[in-house]
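All remarks here apply to the structure that follows.
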């Protein structure tokens, strides 16, 4: 058994397969592992990108809230680029601060109630938090005139 990383929604157990064990043999244990752990759905990441390890992700009994305010207080966020925003935490619980200036595109998709608007509000809040009206200009288009009306008075 390798590392155990507890994230906000899942815990990832890493292991190094014994010499000669095929990944397909580990992946075939998917349903047996879910039954033994009384957890559904589990995910087997074989191999973990960039490592010679296998990851088994098991959902936590309850998801931990990742609050925007706690992320904005991280020194990494303060040192990040001017168009960085707080996205959340990865599987290991590390904060994620992507930079819009490095993204040629950004697609936010999901089913109803999955948090698309929450992500947009988080991005805008993070940008407004670190900029003044002199250093940030936004043009927001809201076809339904519902989600972005909160920002109508900003420059």
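In my numbering, the protein residues as written are 198 to 352. Every residue, glycine too, gets a C-beta built ideally from N, C-alpha and C. If you're wondering where the values come from, they're calculated on a predicted model, not measured in any experiment.
{"Asked": "For residue 223, name the three-state secondary structure that DSSP assigns.", "Found": "helix"}
{"Asked": "Cα separation between residue 307 and residue 272?", "Found": "30 angstroms"}
{"Asked": "Can you check whether the CB of residue 282 is closer than 8 angstroms to the CB of residue 297?", "Found": "yes"}
{"Asked": "Please return the same chain residues whose Cβ sits closer than 8 angstroms to the Cβ of residue 251, not counting the five positions on each side in sequence.", "Found": "211, 212, 213, 214, 220, 223, 241, 242, 243, 244, 245"}
{"Asked": "Have a look at residue 225 and residue 269 and give me their C-alpha separation to the nearest angstrom.", "Found": "41 angstroms"}
{"Asked": "Identify the residues that DSSP records as bridge partners of residue 253: which are they?", "Found": "210, 241"}
{"Asked": "How big is the Cα-Cα spacing for residue 332 and residue 326?", "Found": "11 angstroms"}
{"Asked": "Expressed to the nearest angstrom, what Euclidean distance is found between the alpha-carbon atoms of residue 299 and residue 253?", "Found": "31 angstroms"}
{"Asked": "Can you tell which of 199, 200, 206 has its C-alpha closest to the C-alpha of residue 287?", "Found": "206"}
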